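A.B. asks: Attaching a single structure in structure tokens format; questions to follow.
Here it is in structure tokens:
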């Protein structure tokens, strides 16, 4: 995520960054904000889901520009401690760590409200940065980036792939499928050539 953010800022120094991540991706948000150093001033919003570091603000991100979601019973983000950022850390999830798709609309509204009122960077262009392993950086000043970068993957809960997954699915599928299972098939009929069933 840090490299994607630095690349965007190198290409367009006035870029506004939005950092968001789920579970370990939330940890990446915190680490990336720290690694960005002085460039963290370009981060206009950060949103995390199931964040093990929920009590800490990402480096360089103000309380008003950070929102974290921690579902009741989610042992990853814990059930104790005060969440950093605005809005507390309530979640609409009824599935603990696997149900953050129910928070998509609230997250998108928060990001839209923060980005709409931001003056950091002053960019008026809309651009998306390629997703990273477990989180992504989205630069936007309109709804375009939010719909494609955030909305496409937050709502699916988790998925069971039919083929072996590759590493680095990004936010679009990473937040929706932060929990994945290896591929397997269920036979529709018993194999032929077996004998002895039901006999002693």
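Numbering (our numbering), first residue to last: 13 to 212. No residue lacks a Cβ here, since even glycine has one placed at the ideal position from N, Cα and C. Bear in mind the structure is a predicted one, so any value in this text is a computation, not a measurement.
Drop a sphere of 10 angstroms on the beta-carbon of residue 117, count the other beta-carbons inside from all chains shown, and report buried for 16 or more, exposed for fewer.
C.D. replies: Working through the chain shown from its first residue, we reach residue 117 at position 105. Answer is exposed; the Cβ neighbour count stays below 16.
A.B. asks: Which residues in the same chain have their Cβ closer than 6 Å to the Cβ of residue 70, if we skip the five residues on either side of it in sequence?
C.D. replies: Looking up residue 70 in the chain shown gives position 58. Hits under 6 Å: 41, 42, 45 and 58.
A.B. asks: Please state whether the Cβ-Cβ distance between residue 67 and residue 91 is less than 8 Å.
C.D. replies: Walking along the chain shown from the start, residue 67 turns up at place 55. Walking along the chain shown from the start, residue 91 turns up at place 79. Contact flag unset, no.
A.B. asks: With DSSP collapsed to three states, give me the class of residue 60.
C.D. replies: Position 48 of the chain shown, counting from 1, holds the residue named residue 60. Residue state, collapsed to three classes: strand.
A.B. asks: By the three-class DSSP mapping on this structure, what secondary structure does residue 22 have?
C.D. replies: By 1-based counting over the chain shown, the position of residue 22 is 10. Three-state DSSP puts residue 22 in a helix.
A.B. asks: Give the DSSP-derived three-state secondary structure of residue 40 in the structure shown.
C.D. replies: Counting from one through the chain shown, the residue named residue 40 turns up at place 28. Helix at residue 40.
A.B. asks: Report the residue from 18, 52, 61 and 108 whose alpha carbon sits nearest the alpha carbon of residue 120.
C.D. replies: Counting from 1 along the chain shown, the entry for residue 120 is found at position 108. That would be 61, whose Cα lies nearest to the Cα of residue 120.
A.B. asks: Write down every uninterrupted run of the beta strand (DSSP E) in the stretch 49-94 whose length is 3 residues or greater and which is fully enclosed by it, in chain order.
C.D. replies: You should have 55-61 and 78-81.
A.B. asks: Of all the options 84, 113, 50 and 13, which has the alpha carbon lying nearest to the alpha carbon of residue 101?
C.D. replies: For the purposes of this step, residue 101 is identified with residue 89 of the chain shown, where counting begins at 1. The option with the nearest alpha carbon to residue 101 is 84.
A.B. asks: Does the beta-carbon distance from residue 37 to residue 52 come in below 8 Å?
C.D. replies: Indexing the chain shown from 1 puts residue 37 at position 25. Indexing the chain shown from 1 puts residue 52 at position 40. Against a cut-off of 8 Å, the Cβ pair of residue 52 and residue 37 comes out as no contact.
A.B. asks: Can the beta-carbon of residue 14 be found closer than 8 Å to that of residue 47?
C.D. replies: For this step, residue 14 is matched to residue 2 along the chain shown. For this step, residue 47 is matched to residue 35 along the chain shown. It is a contact, given that the beta carbons lie within the stated cut-off.
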